[in-house]
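Residue numbers (our numbering): -10 to 88. These notes are about the structure you will find just below.
Spelled out as structure tokens, the structure:
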């Protein structure tokens, strides 16, 4: 059975920065990135043979609405992945954001 865990939050960041944070969070997990922040869309998708994670960024006035989802046959792994990717993004700080 496939298990899914997801959560949403907002972050003070531009779309470009949010996508970079998402890609960094996935690379930190050691994931292969299949849809990157360089693709000029609103998501980053990555994973490995055990888990797939997706981060979607929706620009709003003054911030981003973000969702982090993770899918795995192992519910605990999906939950940990969602939590770890989300925590990395929430805690990420960009010191100089040149658009």
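The beta-carbon is built from N, C-alpha and C at its ideal position, and this holds for glycine as well. Computed from a prediction, not measured in an experiment: that's the story for all the values here.
Proximity to residue i [Cα-Cα], best of the options
i          : options        : result
residue 79 : -10, -6, 60, 2 : 2
residue 54 : 4, -1, 81, 30  : -1
residue 56 : 5, -10, -9, 11 : 11
residue 52 : -6, 5, -4      : 5
residue 49 : 9, 31, 17, 23  : 31
residue 27 : 82, 81, 18, 13 : 13
residue 18 : 69, 83, -3     : 69
residue 81 : 23, 64, 25, 9  : 9
Beta-carbon proximity of residue i to residue j, cut-off 8 Å
i          : j          : result
residue 40 : residue 67 : yes
residue 61 : residue -8 : yes
For residue j and residue i, believed in contact at Cβ under 8 Å, the rounded distance
i          : j          : result
residue 21 : residue 35 : 6 Å
(Q) Within 8 Å, do at least three Cβ pairs link the region 67 to 77 to the region 45 to 53? (A) Touching, no.
Q: Note down, one range per segment and in chain order, each beta strand (DSSP E) of at least 3 residues found wholly within the region 44 to 87.
A: Taking only runs of at least 3 residues, the beta strand (DSSP E) segments lying wholly in the region 44 to 87 are 52 to 61.
Q) Whole beta strand (DSSP E) runs in the region 0 to 37 with 3 or more residues, listed along the chain? A) Those beta strand (DSSP E) runs which fall completely within the region 0 to 37 and span 3+ residues are 21 to 24, 32 to 36.
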